[in-house]
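Chemist: Have a look at the structure that comes next, please.
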Amino acid sequence: MTSYFSTEKRRLFEKLIAFQQRIIALEADLLEEKREASKKEEKMFLELCVVLDSFENIFNAMAEKEETLDKGTRRMLKSFRAVYRKLIRLLEAHGIKQIEFPNGKSEIGLCKIVETRPEAGREAGEIIAIVRNGYQSREQVLRPAELITVGEE
């Protein structure tokens, strides 16, 4: 009888070990799936940022001509702006926000300086223009802003 219990105990112990190993393997698989999903999500958000760039390019191109546009075209442009704002709200709802520079100066890690120009009376590093907006997810930079800044003369 003791040999039966000892054999049964051993069988149950081995089954327990097998279950624990399976749980560990499944946890590793789940972690890998989460990483992959996060990478895909980040890629999708970056692609949506490119769509925002396209809207901004349209708005910048039309800014000077807006006063001369007919009523229908102005209405269409207004609709584009509404879609643009919806897209920004969608990204913000997922923790993605446009990088801002409240002090008007470039910040290492948040931007890529694509050009510098000397300007009298301004400090080096001051932002002259934002060529392309940058975006971040919480504290992680998804895409740095591209800037033109004041450089040394």
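Under this note's numbering, think of the first position of the sequence shown as 388, with each following residue one higher. Glycine included, C-beta positions come from ideal geometry on N, C-alpha and C.
Tell me which same chain residues have a C-beta within less than 7 Å of the C-beta of Gly491, skipping the five on either side of it?
Modeler: Glu513, Ile514
Chemist: Please confirm if the stretch 495 to 511 is in contact with the stretch 456 to 475, defined as three or more CB-CB distances below 8 Å between the two stretches.
Modeler: no
Chemist: Quick one: is Val537 buried, meaning 16 or more other Cβ sit within 10 Å of its Cβ, or exposed?
Modeler: Counting the other Cβ atoms within 10 Å of the Cβ of Val537 gives 16 or more, which makes it buried.
Chemist: Just to confirm before moving on: does the CB-CB distance between Arg504 and Asp440 stay below 8 Å?
Modeler: no
Chemist: May I have a chain-ordered list of the beta strand (DSSP E) segments no shorter than 3 residues that lie completely inside the stretch 465 to 521?
Modeler: Whole beta strand (DSSP E) segments, 3+ residues: 483 to 485, 498 to 504, 514 to 519.
Chemist: How about Glu510: is its Cβ closer than 7 Å to a heavy atom in the ligand ADP?
Modeler: Looking for the ligand ADP in the displayed structure turns up nothing, as the structure carries no ligands at all.
Chemist: State the Cα-Cα distance for the pair Met431 and Ile535, rounded to the nearest angstrom.
Modeler: 27 Å
Chemist: Hey, quick one: how far does the beta strand (DSSP E) through Arg530 stretch, first residue to last?
Modeler: 527 to 530
Chemist: If the criterion is Cβ atoms closer than 8 Å, does the pair Lys484 and Gln523 meet it?
Modeler: For Lys484 and Gln523, yes; Cβs fall inside 8 Å.
Chemist: If we count the other Cβ atoms within 10 Å of its Cβ and call it buried at 16 or more, is Gly521 buried or exposed?
Modeler: Buried, since its Cβ has 16 or more Cβ neighbours within 10 Å.
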